[in-house]
Amino acid sequence: MAKHNLLAHPIEWVKGKGSNSNIAVSSRIRLARNLSDFPFTHRCDHEKLYAIVDKVKQVISDSDLLKDSDVVEMDALDSLSRWVLVEKHLISPPFAGDGPGRVVVVDSKGVISIMVNEEDHLRIQVILAGLELNEVWRIAKKVEMTFEKLDYAFDSDFGYLTACPTNVGTGMRASVMVHIPALEMSKQIATLINECNRIGLTVRGTYGEGSDVLGSLYQISNQITLGLGEEELIDKVASAVRQIVTEEERARAVMKRKLGSSLDDRVWRAFGVMRYCRNISTREALELISLIKMGSDMEITPKLSVEDWNNLVLGVQPNHVQLYAGKELTPDERDVYRAAFLRERLKSIEPK
Amino acid sequence: MMCERCQEREAEVHIKQIINGEVKEYHLCRECAETMGLEGIDLFPHFNFDLSWENLLGSLFEPFAAKELRRPVRTEIKCQGCGLDYSTFQKTGKFGCPKCYESFRDYIKPLLRKIHGADRHRGSKPELSYIEKDATGDELEKLKKELKEAVEKEEYERAAKIRDRIRELTSKGDGSDGKA
Ligand SMILES: [Zn+2]
Ligand SMILES: [Zn+2]
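If you're matching them up, the sequences are chains R and A in order. Heads up, the first sequence is in this note's numbering, so the first residue is 56 and it goes up one at a time. Heads up, the second sequence is in this note's numbering, so the first residue is 35 and it goes up one at a time.
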């Protein structure tokens, strides 16, 4: 199977054009919707799954907003391509598995992606750079309204009905990815998680599994989907993120004062390792990238734009490394190609 | 299908009981099912008639059988739409179809309170923009049929929704939207 051009599709949030995008990297809203006349995806047979796909495709071709989108059957992609899409946040990990009737839709700007026949019939996702949840919500609602003619499963008590009761109501998950290395180094993450949980927010790592967080990148999202309006949920997440941004900036200032030249040394060493390494794991690569981004924000190491940074973070992911190499690789081989990728990219931000 | 107990309303709840290893099925309306759900098997007035004297005597000599008799009755509610039973939902944590929410309504409210701290939606609603103007005629006929059906089944909430949609459609037909 050939590499699909979807892999080269532009992705808007990567460009980093949004407020506070040095720390609040991206804002995402996901809406779960189901068609009232069909069982939930896991109880649909082949025929029903494709009936849903056809209905969705019809709406897309009639929609000014979506008609230029890429509409791609997951089965038309090889496994590597699917996992690259996961790493790009265009699809969820379960969606990368096998099974009929799964289609992903990505709009021409790479702002909107829609998974058809994931756990719910429609998973509408909108991502922009920076802390821009209100704008993201405006777009997500517009997309959602486009599909309303398919007759959403809705109940006046329970709201939008979903396969899993944890998503019912608004069907909305609003999340912001934050880069908080200084809060991590000053051991404030446990407090942050507790405070967030107390007000109904979830904190988890963007990369890595379970409590293993890589690259100091965290997702702050609403835990509940029922009982509060969408705007209320969004306000909760946004106000928490604003505080987190302020706290991270404060922690960086404290660190600079306390550590002085040893902080400079640590960041410059990260720079040096990335420039000359020959074999590097995802974990170490993400740690170093995090350090040189913070170093750039604090004007210690050369300027690293948000876009270059995002491309580094994506580029060192296991499947992106294989895409870079142009072939499938064993984990050991990946570490070698990852190092080559970093050395090449670091040349373009060489200190003067 | 009519409710077995009152013979008045449409049976919406289908209960399976397992007594002494024997499966019994009941088809009830929501109201009857609720009363029975609250008060358990005693509400089946004919239940005890199923136990013959032989069984009763037998149980005196067979402690296991006696135990079996006292075991709480398992009731099983099935979804009208997809046939999923509540215990399967409890095992998998996933509903089978949108109608499961209606079928298990009273059972899932405590669950939703546990997950979300609330059991009522307060966010946005569909705006019913899906009624296409060019399909008005067909749509109206379909809605009228649905309304009649809903009223017959005493699904008043659904009926009210349909009535609103019909109102919306017919007001468009008056030419209030003629400029389009
Ligand atoms: Zn009855
Ligand atoms: Zn069901």
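Just so you know, even glycine gets a beta-carbon here, dropped at the ideal spot from N, CA and C.
- At least one CB atom of chain R sits nearer than 7 Å to the CB of A/P160.
- Scanning R/Q377, R/R324 and R/A295 for the CA closest to the CA of R/I355 turns up R/R324.
- Annotation for R/E285: T225 and M227 place their beta carbon closer than 6 Å to its own, counting only its chain and skipping 5 residues before and after.
- Remark: fewer than three beta-carbon pairs, one from each stretch, lie closer than 8 Å, so the stretch 136-145 of chain R and the stretch 385-393 of chain R are not flagged as touching.
- Close partners of R/L216 in chain A (Cβ separation under 7 Å): P132 and Y135.
- Judged by DSSP secondary structure, R/L378 falls within the alpha helix (DSSP H) whose first and last residues are P373 to A380.
- The distance from the Cβ of R/V158 to that of R/V198 is about 15 Å, inconsistent with a contact at the 8 Å cut-off.
- Using beta-carbon distances, A/G117 does not count as an interface residue toward chain R, since no partner is under 7 Å.
- Assigned with DSSP and collapsed to three states, R/Q298 falls in helix.
- In this structure, ligand 2 has no non-hydrogen atom nearer than 6 Å to the beta-carbon of R/K164.
- Assigned with DSSP and collapsed to three states, R/G260 falls in strand.
- Annotation: R/R193 to R/W68 spans about 16 Å, alpha carbon to alpha carbon.
- The residues L346, G350, I355 and T356, in chain order, have a CB closer than 6 Å to that of R/V322 in the same chain once the five nearest residues on each side in sequence are set aside.
- DSSP lists R/V127 and R/M170 as the bridge partner or partners of R/V159.
- Counting C-beta atoms within 10 angstroms of its own C-beta, A/C40 has fewer than 16 neighbours from the protein chains shown and is therefore classed as exposed.
- Taking 6 Å as the cut-off, the C-beta of R/C219 does not count as close to any heavy atom of ligand 2.
- Within the same chain, no residue comes within 6 Å of R/P220 by CB-CB distance, once the 5 residues on both sides are set aside.
- Residues of the stretch 109-129 of chain R with a Cβ closer than 9 Å to any Cβ of chain A: none.
- With a contact defined as Cβ atoms closer than 8 Å, R/I179 and R/R85 qualify at about 7 Å.
- If you check the C-beta of A/L145 against ligand 2, you find no heavy atom less than 6 Å away.
- When the five nearest sequence neighbours on each side are left out, the beta carbons in the same chain lying within less than 6 Å of the beta carbon of R/L341 are those of L269 and G270, in order along the chain.
- For R/L90, the shortest C-beta to heavy atom distance toward ligand 2 is 6 Å or greater.
- As DSSP reads the structure, A/M36 sits in a beta bridge with A/E44.
- Spatial neighbours of R/A293 in its own chain (CB-CB distance under 6 Å, excluding positions within 5 residues in sequence) are listed in chain order as L188.
- Residue A/E189 holds the alpha-carbon nearest to the alpha-carbon of A/R64 among A/E189, A/D198, A/A194 and A/A193.
- In chain order, C113, C116 and L118 place their CB closer than 7 Å to the CB of A/G130, counting only its own chain and leaving out the 5 sequence neighbours on each side.
- Close to A/R156, with beta-carbon spacing below 7 Å, are these residues of chain R in chain order: G282, L283 and G284.
- Contact with chain R is found for A/I149, since one of that chain's Cβ atoms lies less than 7 Å from the residue's Cβ.
- Counting other Cβ atoms within 10 Å of its Cβ, R/V296 reaches 16 or more and is therefore classed as buried.
- Rounded to the nearest angstrom, the gap between the Cα atoms of R/M240 and R/E174 is 37 Å.
- Straight-line measurement puts the Cα of R/N374 at about 27 Å from the Cα of R/G73.
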